[in-house]
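Here's the structure we're looking at; comments come further down.
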Amino acid sequence: MTTIFGIPMQALFGQLLIGLINGSFYALLSLGLAVIFGLLRVINFAHGAQYMLGAFVAYLLLQYLGIGYWAALIVAPLIVGLFGAVVERTMLSRLYKLDPLYGLLFTFGLALTIEGTFRYLYGASGQPYAAPTQLGGGTNLGFMFLPNYRGWVVVVSLLACLGTWLLIEKTKLGSYLRAATENPVLVQAFGVNVPLLLTFTYALGAGLAAFAGVLAAPVYQVSPLMGTNLIIVVFAVVVVGGMGSIMGAIVTGYMLGIAEGLTKVFYPEASNIVIFVIMAIVLLLRPAGLFGRDA
Amino acid sequence: MVELSEKMTTNVETERNTSTLQMTMLLVAIGCLMAAPLFFYPIFLMKLLCFALFACAFNLLLGYTGLLSFGHATFFGGAAYFTAHAMKEWGVTPEVGVLIGVAGAALLGLVVGFVAIRRQGIYFAMITLALGQMFYFFCLQAGFTRGEDGIQSVPRGYLFGFVDLGNTTNMYYFVLAVFVVGVAIIWRFINSPFGMILKSIRENEARATSLGYSVARYKLGAFVMSAALTGLAGGVKALVFQFATLTDVGWQMSGEVILMTLLGGIGTLIGPIVGAGLVVTLQNYLATSDFPVTIITGIVFMVCVLLFRRGIIGELHASRLGKKLGF
Chain A
1 MTTIFGIPMQ ALFGQLLIGL INGSFYALLS LGLAVIFGLL RVINFAHGAQ
51 YMLGAFVAYL LLQYLGIGYW AALIVAPLIV GLFGAVVERT MLSRLYKLDP
101 LYGLLFTFGL ALTIEGTFRY LYGASGQPYA APTQLGGGTN LGFMFLPNYR
151 GWVVVVSLLA CLGTWLLIEK TKLGSYLRAA TENPVLVQAF GVNVPLLLTF
201 TYALGAGLAA FAGVLAAPVY QVSPLMGTNL IIVVFAVVVV GGMGSIMGAI
251 VTGYMLGIAE GLTKVFYPEA SNIVIFVIMA IVLLLRPAGL FGRDA
Chain B
1001 MVELSEKMTT NVETERNTST LQMTMLLVAI GCLMAAPLFF YPIFLMKLLC
1051 FALFACAFNL LLGYTGLLSF GHATFFGGAA YFTAHAMKEW GVTPEVGVLI
1101 GVAGAALLGL VVGFVAIRRQ GIYFAMITLA LGQMFYFFCL QAGFTRGEDG
1151 IQSVPRGYLF GFVDLGNTTN MYYFVLAVFV VGVAIIWRFI NSPFGMILKS
1201 IRENEARATS LGYSVARYKL GAFVMSAALT GLAGGVKALV FQFATLTDVG
1251 WQMSGEVILM TLLGGIGTLI GPIVGAGLVV TLQNYLATSD FPVTIITGIV
1301 FMVCVLLFRR GIIGELHASR LGKKLGF
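Listed below in structure tokens is the structure:
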């Protein structure tokens, strides 16, 4: 068998793939966080809970209504997005004038409530969710075996990231969003409904998290705690990338996912903490983050 | 934290008139705590005192310096591990064991603080959370913490070599003494020139810098101080329960101490004590039912942030009764 640095090639590529998949989720989630933070100045601690909600909605749709994966991929983000819109309108919007820390504390409470409720109803153990039959099996790439579903996750999340980037950078709606980030009062004076824009943005972020959740459901199991540990890692990703740019969030997400995968090959004991270590090093060398604008 | 500043401008003249009244209240409170084991379960009271000190130490950072740390479980749980290890493996006396916990927590605070103070506000919270999680994984894998099992059956030992802390009454008064000393240190600290500079940083960091203060150094000092006092609470807690486990270093613990402080009143001296009392009592009450505490915790968090950000003691201070008592 071929080896690189004494590591079998198969193992290396296998871990690289896992890293790429984790990176896809980091990228999707940190992208959503960056979009919400850009406009609302709120760090959405409930992002992990919304990711979990996406997976759970897909699972429940299948259990009770017989709605399969493909429909859930669209319906679940819409439901979670709607939930996000209600939360933003009724509660979160009252906190914009205060210190951003209150937004963080509020969404932390929201995350605890959602996760606690699902744990109470469904227990802490995971529920299996099968990948769609069209994406079963795998492809032999010659140097490694690629399960089709995992390939699909990488491709689709890349497309989703690019789609969001295009939406924000290239469309009329995106230009409103960017303008409102710079100066909300002025944008409102031009006749744009800024409060509605804020609600839409939060719903969009929540929907993106739910989309990632549905994608993750067949890879990991559907469990109430699937978002909690993930969101802390995503926070580290966000600190490394800096929340200044959308592209920065995406690139950092993939980069750190791959770094984590490589660590699993060369020094498995450190794979849990490598992202945090990278975060600490980046903070010491470049406090604003790799793509950050503000210090 | 804009709202914190409102009540900080106390009139020096009224302060003098009411200081006797407050002193009386303080003595009554200490008297009540001395007599408390006659009426309540001592272990519960000790747990309460440990968490109250933890919350006060945390508030030193959030309330008086304006830094929200989401990783204080690192110092609480870390000190619990250090104290438990020193007591069990090295057989030191309890006061040395607790001091080892404090020193360890202060050292951790120095490292975490050095990295985290490079960013402000929301980033500071996320960085401390991430570093706290890193320490959690470290404790999960390190040998001396014994992974999932934790350090079990830690001996309480003999205080100064002759007071048997295995006796619950002795233990209670030891914890009470540590608590009173800890809170007195915090009180002295926030009323010192150092504490005044911290408050000025909280109010306006740019202005403090322009006045020539090395803001980063003061923040780091406050962070280490808070971590050390948190370690004091954590070390004593390890002695009370005679074990140290992963629960104490998890992010949930960091969240809990934020809730206690928020509920009681950020930036007040006794707010965190009241908040800790309420949260610990609630947990005790819910421990017997199968209803998860996290749901209640989450809801209380949301209600606090939405409706009363000053917390119970903060609201009391702002009320007419509070004004009369001279807060």
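Chains as they are written, first to last, in our numbering: chain A, 1 to 295; chain B, 1001 to 1327.
Yeah, the Cβ is synthetic: ideal placement off N, Cα and C, and Gly gets one too.
Residue environment, MET279(A), which counts as buried when at least 16 other CB atoms sit within 10 Å: As a first step, residue 279(A) must be located in the first sequence, where it is residue number 279. Around the beta carbon of MET279(A), a 10 Å sphere encloses 16 or more other beta carbons of the protein chains shown; the residue is thus reported as buried.
Where the beta strand (DSSP E) through PHE1160(B) begins and ends: Working through the second sequence from its first residue, we reach residue 1160(B) at position 160. Element bounds for PHE1160(B): n/a, residue is neither H nor E.
Identity of the residues DSSP links to ASP1164(B) by a beta bridge: Your numbering for residue 1164(B) matches position 164 in the second sequence. DSSP output for ASP1164(B) lists TYR1158(B) as bridge partner(s).
C-beta neighbour in chain A for PHE1137(B), strict 8 angstroms: As a working mapping, residue 1137(B) is identified with position 137 in the second sequence. Yes, PHE1137(B) lies at the interface with chain A (some Cβ there is under 8 angstroms from its Cβ).
Below-8 angstroms beta-carbon distance, GLY1079(B) vs any chain A residue: Against the second sequence, residue 1079(B) aligns to sequence position 79. Per the sequence shown, residue 1079(B) should be read as Ala rather than Gly. Among the residues facing chain A, ALA1079(B) is not included, as its CB has no counterpart in that chain under 8 angstroms away.
Distance CB(TYR1218(B))-CB(ILE1197(B)) smaller than 8 angstroms: If you number the second sequence from 1, residue 1218(B) lands on position 218. If you number the second sequence from 1, residue 1197(B) lands on position 197. Against a cut-off of 8 angstroms, the Cβ pair of ILE1197(B) and TYR1218(B) comes out as a contact.
According to DSSP, residues forming a beta bridge with ALA1244(B): Residue 1244(B) sits at position 244 when you count from the first residue of the second sequence. Beta-bridge pairing links ALA1244(B) to ILE1151(B).
DSSP-derived helix/strand/coil call for PHE145(A): As a working note, residue 145(A) is residue 145 in the first sequence. Here PHE145(A) sits in strand by DSSP.
Runs of alpha helix (DSSP H) lying entirely within the region 1009-1060 of chain B, each at least 4 residues, in chain order: With a minimum length of 4 residues, the continuous alpha helix (DSSP H) runs that stay inside the region 1009-1060 of chain B are 1012-1035.
Nearest to ALA1227(B) (by Cα), restricted to the options ILE1030(B), THR1074(B), LEU1306(B), PHE1044(B): Mapped onto the second sequence, residue 1227(B) falls at position 227. The shortest C-alpha separation from ALA1227(B) is found at THR1074(B).
Classification of TYR202(A) by the beta-carbon crowding that lies within 10 angstroms, buried from 16 upward: Here residue 202(A) is taken as the residue at index 202 of the first sequence, counted from 1. Its Cβ being crowded by 16 or more others within 10 Å, TYR202(A) is buried.
GLN63(A) classed as buried or exposed, judged by whether at least 16 other C-beta atoms fall within 10 angstroms: What you label residue 63(A) is simply residue 63 of the first sequence in a count that begins at 1. Note on GLN63(A): under 16 other CB atoms within 10 angstroms of its CB, so exposed under the neighbour-count rule.
Neighbour flag for ARG178(A) against chain B, beta carbons, 8 angstroms: Within the first sequence, residue 178(A) is the residue found at index 178, counting from 1. Chain B, which has no Cβ nearer than 8 angstroms to the Cβ of ARG178(A), makes this no.
Cβ neighbour criterion (16 or more within 10 Å) applied to VAL1303(B): Your numbering for residue 1303(B) matches position 303 in the second sequence. Result: exposed.
Any C-beta of chain B under 8 angstroms from that of ASN272(A): For the purposes of this step, residue 272(A) is identified with residue 272 of the first sequence, where counting begins at 1. Taking Cβ atoms only, chain B reaches closer than 8 angstroms to ASN272(A), which makes this a yes.
Exposed unless 16 or more other CB atoms sit within 10 angstroms - verdict on VAL1300(B): Numbered from its first residue, the second sequence carries residue 1300(B) at position 300. Per the 10 Å Cβ criterion, buried.
Close-in-space but distant-in-sequence residues of the same chain around GLY109(A) (CB under 8 angstroms, 5 per side omitted): For the purposes of this step, residue 109(A) is identified with residue 109 of the first sequence, where counting begins at 1. Excluding positions up to five away in sequence, the list is empty.
Cutoff 8 angstroms: PRO1292(B) Cβ touching any chain A Cβ: The residue you call residue 1292(B) lines up with position 292 of the second sequence. Yes, because at least one Cβ of chain A sits closer than 8 angstroms to the Cβ of PRO1292(B).
Cβ-based burial, LYS264(A) [other Cβ within 10 Å; buried from 16]: Position 264 of the first sequence, counting from 1, holds the residue named residue 264(A). The residue is buried, with at least 16 neighbouring Cβ atoms inside 10 Å.
As assigned by DSSP and simplified to three states, the class of ASN299(A): It is not possible to answer for residue 299(A), since the shown part of chain A is limited to 1 through 295.
Among GLY1097(B), VAL1178(B), GLY1132(B), the one whose alpha carbon lies nearest that of VAL1112(B): Here residue 1112(B) corresponds to residue number 112 of the second sequence, with the count starting at 1. Residue GLY1132(B) is the option with its Cα nearest to VAL1112(B).
Neighbour flag for TRP1187(B) against chain A, beta carbons, 8 angstroms: Here residue 1187(B) corresponds to residue number 187 of the second sequence, with the count starting at 1. The Cβ of TRP1187(B) sits no closer than 8 angstroms to any Cβ of chain A.
Those residues which DSSP pairs with THR1083(B) across a bridge: One-based indexing of the second sequence puts residue 1083(B) at position 83. According to DSSP, which records beta bridges pairwise, THR1083(B) is partnered with nothing at all.
N- and C-terminal bounds of the alpha helix (DSSP H) containing THR199(A): Residue mapping note: residue 199(A) aligns to position 199 of the first sequence, counting from 1. Taken as a continuous stretch (DSSP letters only), the alpha helix (DSSP H) holding THR199(A) covers 194-216.
Start-to-end residues for the alpha helix (DSSP H) that takes in GLY241(A): As a working mapping, residue 241(A) is identified with position 241 in the first sequence. Counting along the chain, GLY241(A) sits inside the alpha helix (DSSP H) bounded by residues 228-241.
Cβ neighbours of ALA111(A) in the same chain (closer than 6 angstroms, five flanking residues each side left out): Position 111 of the first sequence, counting from 1, holds the residue named residue 111(A). Excluding sequence positions up to five before and after ALA111(A), its CB lies within less than 6 angstroms of the CB of PHE45, ALA46, ALA49, all in the same chain and listed in chain order.
Contact set between the region 1242-1256 of chain B and chain A, restricted to residues whose Cβ is under 9 angstroms from the partner: Cβ contacts with chain A come from TRP1251, GLN1252, GLY1255.
Contact the region 193-212 of chain A vs the region 22-40 of chain A: 3+ CB pairs below 8 angstroms: Taking 8 angstroms as the limit for Cβ pairs, the verdict is that the region 22-40 of chain A does touch the region 193-212 of chain A.
C-beta neighbour in chain B for PHE235(A), strict 8 angstroms: For the purposes of this step, residue 235(A) is taken as residue 235 along the first sequence, with counting starting at 1. Yes, because at least one Cβ of chain B sits closer than 8 angstroms to the Cβ of PHE235(A).
Which residues DSSP lists as bridging THR139(A), in chain order: As a first step, residue 139(A) is located in the first sequence; it is residue number 139 there, counting from the start. Paired residues: LEU146(A).
DSSP-derived helix/strand/coil call for PRO8(A): Position 8 of the first sequence, counted from the first residue, corresponds to residue 8(A). In the three-state reduction of the DSSP assignment, PRO8(A) falls in the strand class, which pools E and B.
For VAL1215(B), three-class secondary structure by DSSP: The count along the second sequence starts at 1 and reaches residue 1215(B) at position 215. VAL1215(B) falls in the helix class under three-state DSSP.
Pair within 8 angstroms by beta-carbon distance, PHE1051(B) and VAL1293(B): Locating residue 1051(B) in the second sequence gives position 51, counting from the first residue. Locating residue 1293(B) in the second sequence gives position 293, counting from the first residue. The Cβ atoms of PHE1051(B) and VAL1293(B) do not sit closer than 8 angstroms to each other.
Minimum C-alpha distance to GLU269(A) - residue among ALA1106(B), LYS1237(B), PHE1138(B): Your numbering for residue 269(A) matches position 269 in the first sequence. Taking only the C-alpha atoms, the option nearest GLU269(A) is PHE1138(B).
ILE1273(B) versus LEU1068(B): straight-line alpha-carbon distance, rounded: Your numbering for residue 1273(B) matches position 273 in the second sequence. Your numbering for residue 1068(B) matches position 68 in the second sequence. One C-alpha to the other measures close to 18 angstroms.
Continuous alpha helix (DSSP H) stretch holding GLY1195(B): start and end: Counting from one through the second sequence, the residue named residue 1195(B) turns up at place 195. Looking at the DSSP string, the run of the alpha helix (DSSP H) that includes GLY1195(B) is 1193-1203.
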